[in-house]
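A.B. asks:
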DNA sequence: CCGGCACTGTCAACCGATTGCCTCGCTGCC
DNA sequence: GGCAGCGAGGCAATCGGTTGACAGTGCCGG
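Chains as they are written, first to last, in this note's numbering: chain A, 10 to 367; chain B, 10 to 367.
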């Protein structure tokens with residue numbers, strides 16, 4: 010039906026609004042206002058405070074009265090108004106989750122893990138994206154803070170001072186990056202990277218490369234450092250190939266450099282770049298893993314779909330998200346002593362790694 | 010650290026609380042309470058209502074006073090408390106987005122499109138998952154409604170009565186499913202499916218299959234109907250292969266039936282199942298597209314990664330999410346006459362389709 | 001018979017912002 | 001000189017729920 014009928018409805022509404030109840034102005038589009046504890050109180054014949062207590066402090070009110078109140082509330086379809094409660098108590102039962110880039114599959118599992126935990130704990134999740142920009146990230150946290158009890162930021166781009174400043178207002182937890190003095194949840198990259206180096210060495214590789222991610226990312230520097238130290242300790246030669254954007258195309262553009270460097274295997278900052286690199290190899294006729302072995306990082310959705318499927322390091326992102334959310338909720342509740350679990354990473358060997366060419 | 014230390018802290022807190030400011034009880038963990046308009050008013054020496062007006066009704070207040078108020082607000086780090094405003098105005102500037110399954114990449118683009126629009130319009134996004142269960146979906150919408158101005162449900166599993174009931178409380182918009190009397194945004198599946206049938210016919214296929222999705226899904230029935238009518242009109246034979254779960258494994262388990270049916274090409278309910286089917290074909294040594302051509306639906310992330318890459322139907326999910334959010338915001342604002350754009354689907358030919366075996 | 005206590009329920013203040021209505025003072029015009 | 005008109009700002013009610021203080025009732029033991 011086109012809008013003729015819609016306008017008809019609008020007229021009807023206006024006629025309804027002409028009654029002498031000024032609250033009717035809120036009732037746009039024939040929607041009825043929600044029932045309040047005052048409505049319930051009136052029906053049952055008690056005071057609003059009694060209704061509040063009956064619903065929230067079991068036992069505080071006579072069992073029979075409580076039962077009558079519950080019935081009436083049910084009948085009226087009463088729902089507590091979280092805003093009203095929040096105004097007085099200062100607790101909104103909402104937490105914010107901020108990721109830098111929704112398009113990055115790395116975050117999917119984290120979001121899922123965090124959402125499950127938040128829901129389980131009775132918290133509502135507010136979701137926002139910072140579009141990889143630290144200024145937007147800061148402004149978004151500031152904007153969201155009054156509405157939520159705490160903020161979980163994944164892979165924050167803020168500097169430590171900014172994080173500390175935000176932390177003065179409401180609890181904040183950082184995932185995927187350690188920050189001094191701020192609760193954070195970070196998987197142990199070392200276990201998986203060590204396995205990767207060992208794996209490559211066993212396959213006969215002597216010279217490996219690291220295709221870098223953005224140099225401003227803590228995770229990138231961290232991975233390089235571990236890789237470097239361990240490769241050197243193992244007597245392998247290692248080079249860092251400077252980064253492009255941490256997306257598939259950013260992997261693809263670096264293929265020529267990688268080949269020119271003479272390495273036989275490359276560990277890539279993340280799976281997205283690794284996937285782009287594999288695609289480019291196929292396009293250019295470079296044999297993977299015959300000519301070049303490739304190891305990714307994160308084991309994102311899609312890593313096992315591509316051909317050859319990607320050998321990568323699983324960083325159990327779902328658990329990271331869940332643990333970070335538990336950590337945040339502990340902060341929010343003032344619970345002391347929540348210790349996030351150790352989250353080791355581990356190598357998942359698939360088809361993109363094989364013996365070094367002789 | 011166990012609870013001994015925790016109690017020690019509690020004592021400290023209690024000592025702090027012994028000052029004569031009762032508000033100190035709110036200041037848990039040395040976090041300072043947010044500044045209010047009362048604080049600003051006191052600093053400037055005006056009444057709170059003046060502060061409110063200065064900040065929200067430009068021109069209502071003397072320009073110099075307004076300037077002083079803005080300065081003081083800035084200096085105090087004042088942020089408006091959305092709860093307080095919401096309580097009075099009934100507008101929370103938040104909208105809920107409910108998807109049935111975060112793990113399904115179909116929803117990624119939709120979430121992204123919706124998030125961008127919501128942010129652009131100054132709305133905060135509340136995010137929840139219904140875990141593919143209609144009871145959870147209903148309860149979640151009910152739970153969220155008091156906190157938000159409207160709800161966007163993607164691929165709702167509710168029946169029309171339930172949706173209508175929820176719609177009585179707050180605006181609700183459904184994406185990916187048409188519901189009588191409720192605003193909805195659904196791409197036009199027909200354009201893409203017709204192209205797919207034509208494409209397969211041009212390749213010489215005469216007998217095609219449709220690997221079905223869950224029979225309760227509107228989209229599944231809809232796609233079958235279009236496919237059926239068009240294939241018949243084109244003089245092709247077509248069979249429906251009953252569904253398993255709409256996930257990769259649900260595609261894999263149906264390979265034997267598909268082969269047994271004698272079809273040379275199969276259109277699959279969604280990309281996830283198609284991806285599973287391709288994987289299974291590789292595992293079983295079935296040549297794709299030599300023996301069997303496969304067409305997916307949605308063009309999700311990953312469809313172009315798998316080998317052979319998947320011929321599929323792009324349903325521009327990002328635009329669906331964006332349009333649905335605009336639609337919802339129009340409802341929320343009471344703006345009449347928002348007309349969601351026509352969203353045609355279109356075939357994307359990749360490697361998984363080829364000439365029919367002779 | 002009375003003090004004390006447990007049990008139920010009410011009162012009223014409060015959270016922070018918004019807004020209709022009012023007041024005060026000044027200007028300008030008849 | 002008187003009064004309308006206007007600009008600037010204050011007062012107080014309001015949104016819905018929570019909570020400390022308190023009142024009324026009934027019951028108990030001493």
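We put the beta carbon where it would ideally sit given N, CA and C, even for glycine.
State yes or no: is the beta carbon of residue 310(B) nearer than 9 Å to at least one beta carbon in chain A?
C.D. replies: Counting from one through the second chain, the residue named residue 310(B) turns up at place 301. For residue 310(B), the answer is yes, since a Cβ of chain A falls inside 9 Å of its Cβ.
A.B. asks: Is there a Cβ from chain A that is less than 9 Å from the Cβ of residue 111(B)?
C.D. replies: The residue given as residue 111(B) occupies position 102 in the second chain. True, the Cβ-Cβ gap to chain A drops below 9 Å.
A.B. asks: Using 8 Å as the threshold, is the stretch 272-281 of chain B in touch with the stretch 308-327 of chain B, meaning 3 or more CB pairs across them?
C.D. replies: With a cut-off of 8 Å, the stretch 308-327 of chain B and the stretch 272-281 of chain B count as touching, because enough Cβ pairs lie within range.
A.B. asks: Just the chain A side, please: which residues come within less than 9 Å of residue 40(B) by C-beta, in chain order?
C.D. replies: Here residue 40(B) is taken as the residue at index 31 of the second chain, counted from 1. Chain A residues near residue 40(B): 176, 177, 178, 179 and 180.
A.B. asks: Which residue wins for smallest C-alpha separation from residue 180(A), given the options 167(A), 49(A), 343(A) and 74(A)?
C.D. replies: Here residue 180(A) corresponds to residue number 171 of the first chain, with the count starting at 1. Cα-wise, what sits closest to residue 180(A) is 343(A).
A.B. asks: What do you get for residue 160(A), buried or exposed, if any count of 16 or more other CB atoms within 10 angstroms of its CB means buried?
C.D. replies: Here residue 160(A) refers to the residue found at position 151 when the first chain is read from its first residue. Burial call: buried.
A.B. asks: For the stretch 266-331 of chain A, list the beta strand (DSSP E) runs that are entirely contained and at least 3 residues long, ordered along the chain.
C.D. replies: Qualifying beta strand (DSSP E) stretches, in chain order: 274-277, 302-304 and 321-323.
A.B. asks: So with CB distances below 8 Å, who are the chain B contacts of residue 147(A)?
C.D. replies: The residue given as residue 147(A) occupies position 138 in the first chain. Ordered by position in chain B, no residue passes the 8 Å Cβ test against residue 147(A), which lies about 13 Å from the chain.
A.B. asks: Leaving out five residues on either side along the sequence, give the residues of the same chain with a beta carbon under 8 Å from the beta carbon of residue 30(A).
C.D. replies: If you number the first chain from 1, residue 30(A) lands on position 21. Because residue 30(A) carries a pLDDT of 38, less than 50, the predicted location of this residue cannot be relied on, and the following value inherits that uncertainty. Here the set comprises nothing.
A.B. asks: Three or more C-beta pairs under 8 Å: does that hold for the stretch 108-123 of chain A against the stretch 326-340 of chain A?
C.D. replies: Touching, yes, given that three or more Cβ pairs across the two stretches are closer than 8 Å.
A.B. asks: Looking only at its chain, what residues have a beta carbon closer than 7 Å to the beta carbon of residue 86(A), apart from the 5 residues adjacent to it on each side?
C.D. replies: Here residue 86(A) is taken as the residue at index 77 of the first chain, counted from 1. Here the set comprises 44.
A.B. asks: If you run the structure through DSSP and keep just helix, strand and coil, what is residue 98(A)?
C.D. replies: The count along the first chain starts at 1 and reaches residue 98(A) at position 89. Helix at residue 98(A).
A.B. asks: Go to residue 127(A), then tell me how far its beta strand (DSSP E) extends in each direction, as first and last residue.
C.D. replies: Counting from one through the first chain, the residue named residue 127(A) turns up at place 118. Where residue 127(A) is concerned, there is no enclosing beta strand (DSSP E), although the alpha helix (DSSP H) it sits in stretches over 115-129.
A.B. asks: If I measure Cβ to Cβ from residue 104(A) and keep anything under 8 Å in the same chain, skipping five residues before and after, which residues do I get?
C.D. replies: Indexing the first chain from 1 puts residue 104(A) at position 95. Closer than 8 Å at Cβ, skipping near neighbours: 127, 132, 133, 134, 135, 157, 158, 159, 160, 161, 334, 337, 338 and 341.
A.B. asks: Which bits of chain A does residue 117(B) rub up against, with CB to CB less than 9 Å?
C.D. replies: Position 108 of the second chain, counting from 1, holds the residue named residue 117(B). Going along chain A in sequence order, the residues near residue 117(B) (Cβ under 9 Å) are 111, 112, 114 and 117.
A.B. asks: Using the rule of at least 16 other Cβ atoms within 10 Å of the residue's Cβ for burial, across every protein chain shown, is residue 42(A) buried or exposed?
C.D. replies: Your numbering for residue 42(A) matches position 33 in the first chain. Its Cβ having fewer than 16 others within 10 Å, residue 42(A) is exposed.
A.B. asks: Which full runs of the beta strand (DSSP E) of 3+ residues lie inside the stretch 148-177 of chain B, going along the chain?
C.D. replies: Entirely contained in the stretch 148-177 of chain B, the beta strand (DSSP E) runs reaching 3 residues are, in chain order, 159-163.
A.B. asks: Comparing C-alpha positions only, which one of 361(B), 332(B) and 360(B) sits nearest to residue 349(B)?
C.D. replies: The sequence position of residue 349(B) within the second chain is 340, counting from 1. Minimum Cα distance to residue 349(B) is reached at 332(B).
A.B. asks: Given a cut-off of 9 Å on the beta-carbon distance, is the pair residue 354(B) and residue 196(B) in contact?
C.D. replies: Translated into the one-based positions of the second chain, residue 354(B) becomes position 345. Translated into the one-based positions of the second chain, residue 196(B) becomes position 187. Contact flag set, yes.
A.B. asks: Could you give the C-beta distance for residue 268(A) and residue 297(A), rounded to a whole number, given that I count them as a contact under 8 Å?
C.D. replies: Numbered from 1 along the first chain, position 259 holds the residue referred to as residue 268(A). Numbered from 1 along the first chain, position 288 holds the residue referred to as residue 297(A). About 12 Å separates the two Cβ atoms, so there is no contact after all.
A.B. asks: Relative to the alpha-carbon of residue 254(A), which residue among 63(A), 289(A), 285(A) and 174(A) has its alpha-carbon at the smallest distance?
C.D. replies: Numbered from its first residue, the first chain carries residue 254(A) at position 245. Residue 285(A) is the option with its Cα nearest to residue 254(A).
A.B. asks: Secondary structure at residue 70(B), three-state DSSP: helix, strand or coil?
C.D. replies: What you label residue 70(B) is simply residue 61 of the second chain in a count that begins at 1. Coil.
A.B. asks: According to DSSP, is residue 226(B) helix, strand or coil?
C.D. replies: By 1-based counting over the second chain, the position of residue 226(B) is 217. It is coil, neither helix nor strand.
A.B. asks: Hey, does residue 92(B) have any beta-carbon neighbour from chain A nearer than 9 Å?
C.D. replies: On the second chain, position 83 is the one that residue 92(B) refers to. Closer than 9 Å to some Cβ of chain A, the Cβ of residue 92(B) qualifies, so yes.
A.B. asks: Do you know how far the Cα of residue 98(B) is from the Cα of residue 66(A)?
C.D. replies: Residue mapping note: residue 66(A) aligns to position 57 of the first chain, counting from 1. Residue mapping note: residue 98(B) aligns to position 89 of the second chain, counting from 1. So the two alpha carbons sit approximately 29 Å from each other.
A.B. asks: Out of curiosity, what's the CA-to-CA distance linking residue 154(B) and residue 101(B)?
C.D. replies: On the second chain, residue 154(B) is found 145 positions in, with the first residue counted as 1. On the second chain, residue 101(B) is found 92 positions in, with the first residue counted as 1. Roughly 11 Å separates the two Cα atoms.
A.B. asks: Could you compute how far the alpha carbon of residue 115(A) sits from the alpha carbon of residue 307(A)?
C.D. replies: The residue you call residue 115(A) lines up with position 106 of the first chain. The residue you call residue 307(A) lines up with position 298 of the first chain. For residue 115(A) and residue 307(A), the distance between alpha carbons rounds to 7 Å.
A.B. asks: Assign residue 191(B) to one of three DSSP states: helix, strand, or coil.
C.D. replies: Position 182 of the second chain, counted from the start, is the residue given in the question as residue 191(B). Three-state result, residue 191(B): strand.
A.B. asks: If you measure beta-carbon to beta-carbon, which residues of the stretch 270-292 of chain A are closer than 7 Å to chain B?
C.D. replies: Cβ contacts with chain B: 284.
A.B. asks: What residues from chain B crowd round residue 120(A), counting only those whose CB sits closer than 7 Å?
C.D. replies: Numbered from 1 along the first chain, position 111 holds the residue referred to as residue 120(A). Residues of chain B passing the Cβ test: 111.
A.B. asks: Between residue 137(A) and residue 108(A), is the Cβ-Cβ spacing less than 9 Å?
C.D. replies: For the purposes of this step, residue 137(A) is taken as the residue at position 128 of the first chain. For the purposes of this step, residue 108(A) is taken as the residue at position 99 of the first chain. In this structure, residue 108(A) lies closer than 9 Å to residue 137(A) by Cβ.
A.B. asks: What does DSSP give as the partner residues of residue 90(B) in its beta bridges?
C.D. replies: The sequence position of residue 90(B) within the second chain is 81, counting from 1. Note: residue 90(B) sits in no beta bridge, so no partner.
A.B. asks: Excluding sequence positions up to five away, which residues of its chain have a Cβ less than 6 Å from the Cβ of residue 351(B)?
C.D. replies: Taking the second chain and counting its residues from 1, one reaches residue 351(B) at position 342. Closer than 6 Å at the Cβ level, and outside the excluded window around residue 351(B), lies no residue.
A.B. asks: Can you tell which of 51(B), 184(B) and 205(B) has the C-alpha that lies nearest to the C-alpha of residue 321(B)?
C.D. replies: For this step, residue 321(B) is matched to residue 312 along the second chain. Considering only alpha carbons, the answer is 205(B).
A.B. asks: For chain B, is any of its Cβ atoms less than 9 Å away from the one on residue 361(A)?
C.D. replies: Along the first chain, read from residue 1 onward, the residue named residue 361(A) stands at position 352. Chain B, which has no Cβ nearer than 9 Å to the Cβ of residue 361(A), makes this no.
A.B. asks: Strictly under 9 Å for the Cβ-Cβ distance: is residue 30(B) near chain A by that measure?
C.D. replies: Taking the first residue of the second chain as position 1, residue 30(B) is located at position 21. Note that residue 30(B) has pLDDT 38, beneath the 50 cutoff, so the model's placement of it is unreliable and no number is given.
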